[in-house]
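Undergrad:
Printed below as a string of structure tokens:
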């Protein structure tokens, strides 16, 4: 069984102007069946992934000036909390991400999303990320995502209830890796919608202004905007 450690923070985020994670709607369902017959819960979430592409390219050119010039450089979307991407994406040439639609097409067509039940390391429960579904917004300027995540306890005798959903950070970052810079050293950059400032929510470490979800505020049925919290 695949193992996922969700207790680690994303790598030194750099807050990017114009990058936002906008919650649209969602729901919570009970009675989900796990791999050994466990009973658990599932939440589904719909977001708009907002990205100012001009700002995106300007920051990359400032921080990783050779990023678009090497075949070996790559980018990995981080959407932990509602979708889980495995591996990196090789750009292939300097012009591959010339426009926002190139990034959208990569996300839409990627097959590298983890699906199926995984062991959430150190928690005592299993999680099941489903393959996210992406679609362009009506004007084509942004990308919508529909995603879902389920929980059951590893102990088959225990029922995972809505209140058991932990404080879960909702990520939207783009992790970029420059394998070989001019000084022959690798470099990386993690662009996010929140700053590199840690806060604590019910004992869990999150970044300030990061969206999160918690069973403490949820009930079965529709998820309202008020139930998606902001770390302060």
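Residue numbers (my numbering): -7 to 224.
Just so you know, even glycine gets a beta-carbon here, dropped at the ideal spot from N, CA and C.
1) Since residue 98 is in the alpha helix (DSSP H), which residue starts that stretch and which ends it?
2) Do you know how far the Cα of residue 114 is from the Cα of residue 135?
3) Under a Cβ-count criterion, where at least 16 other Cβ atoms within 10 Å of its own Cβ denotes burial, should residue 33 be classed as buried or exposed?
4) By alpha-carbon positions, which one of 188, 117, 126 ends up nearest to residue 100?
5) Once you ignore the five residues that flank residue 202 on each side, which residues in its own chain have a CB closer than 6 Å to its CB?
6) Distance check for residue 206 and residue 213, CA to CA, integer angstroms please.
7) If contacts are defined as beta-carbon pairs under 8 Å, then residue 191 and residue 159 qualify, I think. What distance do you get, rounded to the angstrom?
8) Using a Cβ-Cβ cutoff of less than 8 Å, which residues in the same chain neighbour residue 217 once the five nearest sequence positions on both sides are dropped?
9) DSSP state of residue 243, grouped into three classes?
10) To the nearest whole angstrom, what separates the beta carbons of residue 75 and residue 124, a pair I think is in contact under 8 Å?
11) Alpha carbon to alpha carbon, how far is residue 47 from residue 200? Give it in angstroms, no decimals.
12) Could you tell me the boundaries of the alpha helix (DSSP H) in which residue 48 lies?
13) Exposed or buried, what is residue 29 when buried is set at 16 or more other beta-carbons lying within 10 Å of its beta-carbon?
14) What separation, rounded to the nearest whole angstrom, lies between the Cα atoms of residue 163 and residue 4?
15) According to the Cβ coordinates, are residue 215 and residue 19 closer than 8 Å?
16) Closest by CA to residue 43, which one among 92, 181, 143?
17) Take the Cβ of residue 116 as the centre, count every other Cβ of all protein chains shown within 10 Å, and call the residue buried at 16 or more, exposed below.
18) Among the candidates -3, 8, 89, 40, whose CA atom is the shortest distance from the CA of residue 132?
TA: Reading from the atomic positions:
1) 92 to 101
2) 33 Å
3) buried
4) 126
5) Answer for residue 202: 161, 186, 223, listed in chain order.
6) Cα to Cα, residue 213 sits roughly 14 Å from residue 206.
7) So it is not a contact: roughly 11 Å between Cβ atoms.
8) 15
9) What the structure shows of the chain is the stretch from -7 to 224, and residue 243 is not part of that stretch, so it cannot be assessed.
10) 4 Å
11) 21 Å
12) 45 to 55
13) Classification of residue 29: exposed, given that the 10 Å Cβ count is below 16.
14) 13 Å
15) yes
16) 92
17) exposed
18) 40
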